[in-house]
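Asker:
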Amino acid sequence: MAKIQKMLIAVDGSESSMDAVEYVSLFQDPGKTAITLIHVMADLPEALEDLKSIETSGSLNIESDQWHSQMTENVEKMMMSAQQMLTDAGYDKTAIEIKIQKRSAGVAKDIIAESENGYDAIFIGRRGAGNPKDIIVGATAYRMMSSIQHLPVVVVGDKPDPKNVLIGFDGSENAFKAVDCACALMPKSGRKVMLCHVAQRMNSFLGDKKILSDDQEKALVSQSRQQIRDLMQDAASRLVEAGFDHDLIAQEILEGKVSRAVAIAKTAELEGYGTIVTGRRGLSVIKDFLMGRVSMKVLHRAHEMAVWIV
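Residue 142 in our numbering sits at position 153 of the sequence shown, with consecutive numbering throughout.
Here it is as structure tokens:
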């Protein structure tokens, strides 16, 4: 019997979080997936929170009780709407768990704590409730991306096409983790997958002095390209073994690009890949950061895609 995949979706009532629910409903296999919808609810609205330390009459308790009752009703309606979206896509109600809990350590920290309960991936919208449209990624999403390293974090853009997958591939250990993630969680009939490598320009100058001859530079480039082709073939073999159709696996090496992140995001956009999978770090690791530069730039550039950070 196939392993049931456990997915956690953070739902806060924002359009972005409902886009995340819709994406999961269409991207994952309903017969192989169990879903937990989680909402962390504040005890009081911010305006009343500010008054908690001030001595007031009993009117504050009345207002907070009314607010909490209305908020609970709104949250329950929202979660029912999310559940309905999933059942309409073929999920059984028994495979959907709804968790509504009071805020304890903080919204992000409470969701991070829940993510440690054996899930295979967590899905979040780009912007939370109250974030303006021009915010690329909201503060809560940033906190979760930075703190969750034990499972893939999926940041869902504005209604991404859930069909096809592009994997940013540089041959590193983390790139193969991205491939293995796709193998474990993404095989689906008719799904195309692209292994996309953006070749770095050869820097053969030291100041104004050329340190490699043209022949040496050409040989190094040729050797580098062959190495990446061999690694991509290994990755493609893993995808086929996992259930992807061999004829629907593409291998692309992009030359002469200034930015790897922009090239990956642009290729996904132009060629119809609504999902991008990227390792947290590539070959160039910056130890002071939890996420690699390319991963972060892809996230900022791919506004309408779902970006899996593995």
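In this text, a Cβ means the ideal position worked out from N, Cα and C, and glycines have one as well.
A quick note: this is a predicted structure, and the numbers were derived from the prediction, not measured.
Below 8 Å between beta carbons: does that hold for Gly114 and Glu293?
Answerer: Looking up residue 114 in the sequence shown gives position 125. Looking up residue 293 in the sequence shown gives position 304. Their beta carbons are not under 8 Å apart, which means Gly114 does not touch Glu293 by this criterion.
Asker: From the DSSP output, read off the bridge partner residues of Ile113.
Answerer: On the sequence shown, residue 113 is found 124 positions in, with the first residue counted as 1. Per DSSP, Val144.
Asker: Are there 16 or more other CB atoms within 10 angstroms of the CB of Ile265, so buried, or fewer, so exposed?
Answerer: For the purposes of this step, residue 265 is taken as residue 276 along the sequence shown, with counting starting at 1. Its Cβ being crowded by 16 or more others within 10 Å, Ile265 is buried.
Asker: For Ile(-7), which three-state DSSP category applies?
Answerer: Translated into the one-based positions of the sequence shown, residue -7 becomes position 4. Coil, per DSSP.
Asker: Could you tell me the alpha carbon to alpha carbon distance between Gly245 and Thr256, rounded to whole angstroms?
Answerer: Indexing the sequence shown from 1 puts residue 245 at position 256. Indexing the sequence shown from 1 puts residue 256 at position 267. Spanning the two alpha carbons is a distance of roughly 14 Å.
Asker: According to DSSP, simplified to helix, strand and coil, what is Gln189?
Answerer: Locating residue 189 in the sequence shown gives position 200, where the first residue counts as 1. Note: Gln189 maps to coil in three-state DSSP.
Asker: Return yes when the Cβ of Phe112 is within less than 8 Å of the Cβ of Val182, no when it is not.
Answerer: For the purposes of this step, residue 182 is taken as the residue at position 193 of the sequence shown. For the purposes of this step, residue 112 is taken as the residue at position 123 of the sequence shown. No, Cβ-Cβ distance for Val182 and Phe112 is not below 8 Å.
Asker: Since I believe Ser5 is in contact with Arg116 (beta carbons under 8 Å), could you give me their beta-carbon distance rounded to a whole number of angstroms?
Answerer: Reading the sequence shown from its first residue, position 127 is the one you call residue 116. Reading the sequence shown from its first residue, position 16 is the one you call residue 5. About 5 Å separates the two Cβ atoms, so the contact holds.
Asker: For Thr256, which residues does DSSP report across the bridge?
Answerer: In the sequence shown, residue 256 corresponds to position 267, counting from 1. BP columns for Thr256 are empty, so no partner.
Asker: Tell me whether the beta-carbon of Leu155 lies closer than 8 Å to the beta-carbon of Ile253.
Answerer: For the purposes of this step, residue 155 is taken as the residue at position 166 of the sequence shown. For the purposes of this step, residue 253 is taken as the residue at position 264 of the sequence shown. Closer than 8 Å, so yes.
Asker: For Val299, name the three-state secondary structure that DSSP assigns.
Answerer: Locating residue 299 in the sequence shown gives position 310, where the first residue counts as 1. Reduced to three states, the DSSP call for Val299 is coil.
Asker: Select from Val247, Asp169, Ser213 the residue whose C-alpha is nearest the C-alpha of Glu230.
Answerer: Along the sequence shown, read from residue 1 onward, the residue named residue 230 stands at position 241. For Glu230, the nearest C-alpha among the options comes from Asp169.
Asker: So, using beta-carbon positions, are Met(-4) and Tyr108 closer together than 8 Å?
Answerer: If you number the sequence shown from 1, residue -4 lands on position 7. If you number the sequence shown from 1, residue 108 lands on position 119. In this structure, Tyr108 lies closer than 8 Å to Met(-4) by Cβ.
Asker: Since Val29 contacts Gln90 with CB under 8 Å, what's their CB separation in whole angstroms?
Answerer: As a working mapping, residue 29 is identified with position 40 in the sequence shown. As a working mapping, residue 90 is identified with position 101 in the sequence shown. Contact flag correct, Cβ pair sits at about 6 Å.
Asker: Smallest Cα separation from Val187: which of Val287, Gln(-6), Ala23?
Answerer: Mapped onto the sequence shown, residue 187 falls at position 198. Ranking the options by Cα distance to Val187, first place goes to Val287.
Asker: Going by beta carbon distance, what residues of the same chain come within less than 6 Å of Lys148, once the five residues before and after it are set aside?
Answerer: By 1-based counting over the sequence shown, the position of residue 148 is 159. Around Lys148: Asp8.
Asker: What's the gap between the Cα of Ile92 and the Cα of Ala31?
Answerer: As a first step, residue 92 must be located in the sequence shown, where it is residue number 103. As a first step, residue 31 must be located in the sequence shown, where it is residue number 42. One detail in the question is off: residue 92 reads as Arg in this sequence, not Ile. The alpha-carbon atoms of Arg92 and Ala31 are separated by roughly 5 Å.
Asker: With Leu209 as the anchor, note down where its alpha helix (DSSP H) starts and where it stops.
Answerer: Here residue 209 refers to the residue found at position 220 when the sequence shown is read from its first residue. Per DSSP, Leu209 belongs to the alpha helix (DSSP H) from 203 to 231.
Asker: Between the Cα of Thr22 and the Cα atoms of Ala(-1), Asp1, Ser3, Ile(-7), which residue gives the shortest distance?
Answerer: Within the sequence shown, the letter at position 33 stands for residue 22. For Thr22, the nearest C-alpha among the options comes from Ile(-7).
Asker: Within 10 angstroms of the Cβ of Asp203, are there 16 or more other Cβ atoms? Answer buried if so, exposed if not.
Answerer: The residue given as residue 203 occupies position 214 in the sequence shown. When all chains shown are included, Asp203 counts as exposed.
Asker: Here's the rule: buried if 16 or more other CB atoms are within 10 angstroms of the residue's CB, otherwise exposed. What is Gly79?
Answerer: Residue mapping note: residue 79 aligns to position 90 of the sequence shown, counting from 1. The residue is exposed, with fewer than 16 neighbouring Cβ atoms inside 10 Å.
Asker: Which residues share a DSSP beta bridge with Lys286?
Answerer: The residue given as residue 286 occupies position 297 in the sequence shown. In the DSSP output, where bridge partners are listed per residue, Lys286 has none listed.
Asker: Using CA coordinates, which residue listed in Met67, Ala128, Gln189 is at the minimum distance from Val210?
Answerer: As a working mapping, residue 210 is identified with position 221 in the sequence shown. The residue with the shortest Cα to Cα distance from Val210 is Gln189.
Asker: For Glu293, does the three-state DSSP call read helix, strand or coil?
Answerer: Translated into the one-based positions of the sequence shown, residue 293 becomes position 304. Here Glu293 sits in coil by DSSP.
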